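Enquirer: There's a structure below that I have some questions on.
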Amino acid sequence: MIRGISGGQKKRVTTGEMLTGPATALFMDEISTGLDSSSTFQIVKFMRHLVHVMNETVMISLLQPPPETYNLFDDIILLSEGYIVYHGPRENILEFFESVGFRCPDRKGVADFLQEVTSKKDQQQYWYLDQEQYHYVSVPDFAERFKSFHACQQMQKELQIPFEKSKTHPAALTTKKYGLSSWESLKAVMSREQLLMKRNSFIYIFKVTVLIILAFVSMTVFLRTKMPHGQIADGTKFFGALTFGLITIMFNGFAELQLTIKKLPVFYKHRDFLFFPAWTFGVANILLKVPISLVESVVWVVLTYYVMGFAPAAGRFFRQFIAFFATHQMAMALFRFLGAVLKTMVVANTFGMFVLLIIFIFGGFVIRRNDIKPWWIWGYWASPMMYSQNAISINEFLASRWAIPNNDTTIDAPTVGKAILKSKGLFTEEWGFWLSIGALIGFIILFNSLYLWALTYLSPSSGSNALVSEGEDDVNEIALKERSRDARSEDEISQVVYGDLGTNGATNTLVQSRVTLPFQPLSLCFNHVNYYVDMPAEMKEQGFTESRLQLLSDISGAFRPGVLTALVGVSGAGKTTLMDVLAGRKTSGAIEGDITLSGYPKKQETFARISGYCEQTDIHSPNVTVFESITYSAWLRLSSDIDDGTKKMFVEEVMALVELDVLCDALVGLPGVSGLSTEQRKRLTIAVELVANPSIIFMDEPTSGLDARAAAIVMRTVRNTVNTGRTVVCTIHQPSIDIFESFDELLLLKRGGQVIYAGELGRHSHKLVEYFEAIPGVQKITEGYNPATWALEVSSPLSEARLNMNFAEIYANSVLYRKNQELIKELSVPSPDYQDLSFPTKYSQNFYNQCAANFWKQYRSYWKNPPYNAMRYLMTFLFGLVFGTVFWQKGKNIDSQQDLYNLLGATYAATFFLGASNSITVQPVVSIERAVFYREKAAGMYSPLSYAFAQTCVEVIYTILQGILYTVIIYATIGYDWKADKFLYFLFFMTACFNYFGLFGMMLVACTPSALLANILITFALPLWNLFAGFLIVRPAIPIWWRWYYWANPVSWTIYGVVASQFGENQGELSVPGGKPVVVKQFLKDNLGIQHDLLGYVVLVHFAYIIAFFFVFGYSIKFFNFQKR
């Protein structure tokens, strides 16, 4: 969603991070991913010096090392299928394979040869013994033959000699576990966390702003002029005001859950590499949040205390502040601990809401202590909120103004204040305040200690790769299946996929596809393209005065059908930026220049239909399979006049082309967490775009993260795509000689987004070489050297400084530049054979088919997402079980006002907290899918409304099942009246409630740029819904200026509907403290404003909220784009 430095720059940051410190043994995994070959060479060269000068031990795994980088290594370990095929000096490895019968050809990188020679499909081309017939040598055979090779035998002899400890000086060993003392580590971690908080200050400012708004609302609801005191009945409003403050403070701490989880991946890396003791990270986060907690508590108490009319004594004011501050600290400690234990957003949100519910239900407000069943009384004493409730209630009701003699004979208490406390089952003496504060401090210490324990001892969530949904979860089985595809490969596919890449882009063999789909060849021209973004604030602070930063400078070129173009440059040169500009994927900044499509001005709406963009980030829905991902793309992007059978054949062929057919049932998963490996995800990205049958394809680093063999597979697929007459452009970082020379043309950029070469490569890249060698001072290329690496080296900033020249200026004044301008001019004139691109409809499929395809994918995605749905149903069952057993059979006997209030509390809590859980837990799911939606929307796959409709429908289906499960449990255990109309009303209101809560959570994600901000917004909305639900303060008691919000609050309608349908016609009598018995129906009308006659309107309002939230979600998805590109 938000782009920072480039992928290659991030990789270099990681390398630099690991190099700092006293480590003398370094294990470096794929450090070249995303880096250009020149940068990789410089880094490995530095590592070589480090090894030889500092006597360090370094082991590096590389995916596509160019020859010059490969030659820097002393020893080579060749690993294949779990076997060590070779381990020894680099100089002897080719000798070993020649002894077996295989030789590396000229102009073939040794590293590429080594990765292909063990593959059954690639091995035969390297057989050189003419006198012997080729026979396949398996990996175990290689490993066995290596044992008799002299390099292996020499290594075995060395291993048999014990290491002489006298050769190592004791002072050279690191004897401390960490580089700094505990105190210095704590200071360092605190400094970094403080910096992160400063750069993320918007979140904390937003939280305080939300708190101020909630304080304003609450103090105008419980305004002191409307808050009389002196009677027991008056205590209800004060009690509601205090409880609302507690709930707000608790919800305010909920954001700590997400903040903690987001920090865990980096923390685990630092902890496991012994950057610092785990406790220093935890203590730093605890201490740095104390001032924030202090500010938020002060804001709440200062704004609300006197305006609401609490006891006007300075001591009482400060004691309330202490209580709220201790509660806030407890809440933050609790959610920090849950985040550190649960680690994933969906599970943490669901379980966090469950814990919040348990704490609240036993907090002393929903049900008083005297009414709790004996089997749950331990929950009352274990609830932190109970102690918070006691502290703030004792502080208020033991004030002198409440020390009026109690005249109510039903409550044995000397004063009105103590009578109120006793009626709620709370402590009635002053010592109860300090006991409660002590208990809260105990909980703070307990939760923070558990947080530190979790950080110290728990391991990060471990993901698994290539999860296959139909019994193919054995990696070895998949590997065997891959190696046993001979029949199909030979007959249909192998030559297309594995045909040798000839020089200058010609394939030696190309078998015709089984499915031929029509397309229109198109050329893309761009002339004098510039791209600007707003100057970053950090650069302004460093003295830059310009208002805009230029990322692309006067770039011109042409991409033509049947021509494969490479876009090359050092990391950060602007390759991806140029591709985003040309593909129309930029969401910010200013673009200047002309872009034409076969001579006509490019229109993004139609261009998206005929183009494909393989993004570097490989964004896919995580909970669908490979086959489903590709089928979904074909369903929506291929023309509607292509029949389903042809589409299916085409999908299968594309899957085979990129070697994904054996993983067709594998779940895609999340990058770096679960599902497909990096290389498999890359191939899936390519397949998803190829299956759209585009005329123009942009590929952003299609070989990054792939080994040489996988990269060759991808590039052969690309080459075959070009040979069909399509226009293909690839950015590429570390091409081998084979891969680089499979391109027809090259567009070479330098830092600053300037072109320094645009033209043909020629056979063995001779045209590129001739161009640069003609520049005075440029060193000649050596025999066998990679032309891509050489071009980057001779045009580097260091080389420019040494030669005192600007390669961009040289190109702009060259004959080649003028020739390219003539070509651009020629292609910018529309040909008589082409018409301006247009389609009868905006999308390939009609709205019905879009909805069907999106529903199909979302339904399968939900079905394969047990962390979300299974956890949701488990929590629903537990919620129901807890409520049912706490309020066991309370609905059967309603004899007193307290009995009715207990049931009202049960209805309120049952409605609000599980609904709030739905609202919060759906957000991470929608947020992940939204990133996929942005890619698919940019590709012109479907209308955003069809996506919104499908996602909403699937969510509603699962929510209806949730409502049925919850209703059956609650209705039976609480003991509501078993009448058909009452049961159906209850079922409807619960189901509708869960639906509008879920849709509200989805709507907030669609309206905000991040899941974290949506989560904070929901902690603003939910307390408001809670306040005006009709329980904390009943409707007749709400001030007239806020009563409108009661009717605007969906939760109040649900509580109204449940209470009215269950008790609205009850003719039984209630005993009322200090008054005469009253009929239940009349009591509801007079005291709560609830009437059974309005149930029809209540049902309609529920439908209205569901529809309203759906439309806001849909239109927000359509019109808001928070992707930063």
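Going by my numbering, the first residue of the sequence shown is number 109, and it counts up by one from there. Using N, Cα and C, we set each Cβ at its ideal position, and we do this for glycine too. Just so we're clear, the structure is a prediction, and the values are computed from it rather than from any experiment.
Is it the case that the Cβ atoms of methionine 493 and serine 1025 are separated by a distance below 8 Å?
Expert: For the purposes of this step, residue 493 is taken as the residue at position 385 of the sequence shown. For the purposes of this step, residue 1025 is taken as the residue at position 917 of the sequence shown. No, the pair does not count as a contact, with Cβ atoms beyond the cut-off.
Enquirer: I need the straight-line Cα distance from phenylalanine 429 to asparagine 1157, nearest angstrom please.
Expert: On the sequence shown, position 321 is the one that residue 429 refers to. On the sequence shown, position 1049 is the one that residue 1157 refers to. Cα-Cα distance, rounded: 30 Å.
Enquirer: What separation, rounded to the nearest whole angstrom, lies between the Cα atoms of tryptophan 542 and aspartate 726?
Expert: Here residue 542 is taken as the residue at index 434 of the sequence shown, counted from 1. Here residue 726 is taken as the residue at index 618 of the sequence shown, counted from 1. Rounded to whole angstroms, tryptophan 542 to aspartate 726 spans 56 Å at the Cα level.
Enquirer: Would you say the region 459-474 touches the region 344-360, given that touching needs at least three Cβ pairs under 8 Å?
Expert: These segments touch.
Enquirer: Only counting runs of 3 or more residues, tell me where the beta strand (DSSP E) segments fall wholly within the region 725-761, in order along the chain.
Expert: none
Enquirer: Where does lysine 1090 sit, in a helix, a strand or coil, going by DSSP?
Expert: For the purposes of this step, residue 1090 is taken as the residue at position 982 of the sequence shown. If DSSP states are grouped into helix, strand and coil, lysine 1090 belongs with the helices.
Enquirer: DSSP three-state label for phenylalanine 154, please.
Expert: As a first step, residue 154 is located in the sequence shown; it is residue number 46 there, counting from the start. It is helical.
Enquirer: Please report the straight-line C-alpha distance between lysine 648 and alanine 681, rounded to a whole angstrom.
Expert: Along the sequence shown, read from residue 1 onward, the residue named residue 648 stands at position 540. Along the sequence shown, read from residue 1 onward, the residue named residue 681 stands at position 573. So the two alpha carbons sit approximately 21 Å from each other.
Enquirer: Keeping to the same chain, check which residues put their C-beta closer than 6 Å to that of alanine 133; ignore five residues upstream and five downstream.
Expert: As a working note, residue 133 is residue 25 in the sequence shown. Result list for alanine 133: Thr165, in chain order.
Enquirer: Do you know whose CA, among Val641, Glu878, His243, lies nearest tryptophan 898's CA?
Expert: Along the sequence shown, one-based indexing puts residue 898 at 790. Considering only alpha carbons, the answer is Glu878.
Enquirer: Since cysteine 1283 is in the beta strand (DSSP E), which residue starts that stretch and which ends it?
Expert: Outside the displayed range of the chain (109 to 1233) lies residue 1283, so it cannot be described from this structure.
Enquirer: Would you check if there are 3 or more beta carbon pairs closer than 8 Å linking the region 1138-1153 to the region 991-1005?
Expert: no
Enquirer: Go to alanine 674, then tell me how far its alpha helix (DSSP H) extends in each direction, as first and last residue.
Expert: As a first step, residue 674 is located in the sequence shown; it is residue number 566 there, counting from the start. Counting along the chain, alanine 674 falls outside any alpha helix (DSSP H), though it belongs to the beta strand (DSSP E) covering 672-677.
Enquirer: Expressed to the nearest angstrom, what Euclidean distance is found between the alpha-carbon atoms of serine 531 and glutamine 958?
Expert: Translated into the one-based positions of the sequence shown, residue 531 becomes position 423. Translated into the one-based positions of the sequence shown, residue 958 becomes position 850. When rounded, the distance between both Cα atoms is 59 Å.
Enquirer: Can you tell me the Cα-Cα spacing of valine 734 and aspartate 220, whole angstroms?
Expert: Sequence index remark: in the sequence shown, residue 734 carries index 626 (1-based). Sequence index remark: in the sequence shown, residue 220 carries index 112 (1-based). A straight-line Cα-Cα distance of about 28 Å links valine 734 and aspartate 220.
Enquirer: Answer yes or no: the CB of glycine 692 versus the heavy atoms of the ligand ADP, is any distance below 7 Å?
Expert: Ligands displayed in this structure: none; no statement on the ligand ADP is therefore possible.
Enquirer: Classify alanine 866 as helix, strand or coil using the three-state DSSP reduction.
Expert: As a position in the sequence shown, residue 866 is number 758, starting the count at 1. Residue state, collapsed to three classes: strand.
Enquirer: Within this structure, are the beta carbons of phenylalanine 149 and threonine 177 separated by less than 8 Å?
Expert: To locate residue 149, count along the sequence shown from 1; it is residue 41. To locate residue 177, count along the sequence shown from 1; it is residue 69. Contact flag set, yes.
Enquirer: Within a Cβ cutoff of 7 Å, which residues of the same chain sit near isoleucine 1126, ignoring the five residues on either side of it in sequence?
Expert: As a working note, residue 1126 is residue 1018 in the sequence shown. Answer for isoleucine 1126: Ser1027, Ile1028, Gly1109, Leu1112, listed in chain order.
Enquirer: Within the same chain, show all residues whose beta-carbon is closer than 8 Å to that of arginine 656, passing over the 5 residues directly before and after it, in chain order.
Expert: Position 548 of the sequence shown, counted from the start, is the residue given in the question as residue 656. Counting only Cβ-Cβ distances below 8 Å, and skipping sequence neighbours, we find Tyr640, Val641, Asp642, Met643, Ala698.
Enquirer: Buried or exposed for methionine 807, going by 16 or more other Cβ atoms inside 10 Å?
Expert: Translated into positions along the sequence shown, residue 807 becomes position 699. Label assigned to methionine 807: buried.
Enquirer: In its own chain, which residues sit with a C-beta less than 6 Å from the C-beta of tryptophan 1161, not counting the 5 before and 5 after it?
Expert: As a first step, residue 1161 is located in the sequence shown; it is residue number 1053 there, counting from the start. If we look at tryptophan 1161 and ignore the five residues flanking it on each side, its Cβ neighbours are Val1206, Val1209.
Enquirer: Would a C-beta distance cut-off of 8 Å place threonine 1081 and glycine 1013 closer than the cut-off?
Expert: Translated into the one-based positions of the sequence shown, residue 1081 becomes position 973. Translated into the one-based positions of the sequence shown, residue 1013 becomes position 905. In this structure, glycine 1013 does not lie closer than 8 Å to threonine 1081 by Cβ.
Enquirer: Under the assumption that alanine 323 contacts threonine 412 (Cβ atoms under 8 Å), give the Cβ distance between them as a whole number of angstroms.
Expert: The residue you call residue 323 lines up with position 215 of the sequence shown. The residue you call residue 412 lines up with position 304 of the sequence shown. Yes, alanine 323 and threonine 412 are in contact; Cβ-Cβ is about 5 Å, under 8 Å.
Enquirer: Quick check on isoleucine 192: does DSSP put it in helix, strand or coil?
Expert: If you number the sequence shown from 1, residue 192 lands on position 84. Correct three-state label for isoleucine 192: strand.
Enquirer: Does the separation of the CB atoms of tyrosine 376 and proline 175 fall below 8 Å?
Expert: Here the question's residue 376 lines up with position 268 in the sequence shown. Here the question's residue 175 lines up with position 67 in the sequence shown. For tyrosine 376 and proline 175, no; Cβs fall outside 8 Å.
Enquirer: Just mark glutamate 486 as buried or exposed, buried being the case when its beta carbon has 16 or more other beta carbons within 10 Å.
Expert: Reading the sequence shown from its first residue, position 378 is the one you call residue 486. The question names glutamate, yet the displayed sequence has tryptophan at residue 486. Exposed, by the Cβ-count rule.
Enquirer: Taking DSSP as the reference, what is the three-state secondary structure of glutamate 1177?
Expert: Your numbering for residue 1177 matches position 1069 in the sequence shown. Three-state DSSP puts glutamate 1177 in a strand.
Enquirer: Below 8 Å between beta carbons: does that hold for proline 1144 and glycine 1197?
Expert: Numbered from 1 along the sequence shown, position 1036 holds the residue referred to as residue 1144. Numbered from 1 along the sequence shown, position 1089 holds the residue referred to as residue 1197. Yes, Cβ-Cβ distance for proline 1144 and glycine 1197 is below 8 Å.
Enquirer: Considering just the uninterrupted stretch of the beta strand (DSSP E) at glycine 719, what are its terminal residues?
Expert: Counting from 1 along the sequence shown, the entry for residue 719 is found at position 611. As written in the sequence, residue 719 is serine, which differs from the glycine given in the question. Per DSSP, serine 719 belongs to the beta strand (DSSP E) from 719-722.
Enquirer: What does the Cβ neighbour count give for alanine 83, buried or exposed, with the cut at 16 atoms within 10 Å?
Expert: The shown model of the chain, from 109 to 1233, leaves out residue 83, and the question about it has no answer.
Enquirer: Near lysine 1226, what residues of its chain come up, given a Cβ to Cβ distance below 7 Å and the 5 sequence neighbours on each side ignored?
Expert: Sequence index remark: in the sequence shown, residue 1226 carries index 1118 (1-based). Answer for lysine 1226: Pro1052, Leu1053, listed in chain order.
Enquirer: So what does serine 1151 bridge to, in DSSP terms?
Expert: Counting from one through the sequence shown, the residue named residue 1151 turns up at place 1043. Position check: residue 1151 holds arginine in this sequence, whereas serine was assumed. Bridge partners of arginine 1151: none, in fact.
Enquirer: Tell me which residues share the same chain as cysteine 838 and place their Cβ nearer than 7 Å to its Cβ, disregarding the 5 neighbours each side in the sequence.
Expert: Residue numbering aside, residue 838 sits at position 730 when the sequence shown is read from its first letter. Ala674, Leu675, Met807, Pro810, Val826.
Enquirer: Based on Cα-Cα distance, which residue from Gln997, Asn973, Tyr1154, Tyr1016 lies nearest to glutamate 1063?
Expert: Along the sequence shown, read from residue 1 onward, the residue named residue 1063 stands at position 955. Closest option to glutamate 1063, Cα to Cα, is Asn973.
Enquirer: Secondary structure at serine 1116, three-state DSSP: helix, strand or coil?
Expert: Translated into positions along the sequence shown, residue 1116 becomes position 1008. Strictly speaking, residue 1116 in this sequence is threonine, with serine absent from that position. The answer is coil: DSSP assigns threonine 1116 none of H, G, I, E or B.
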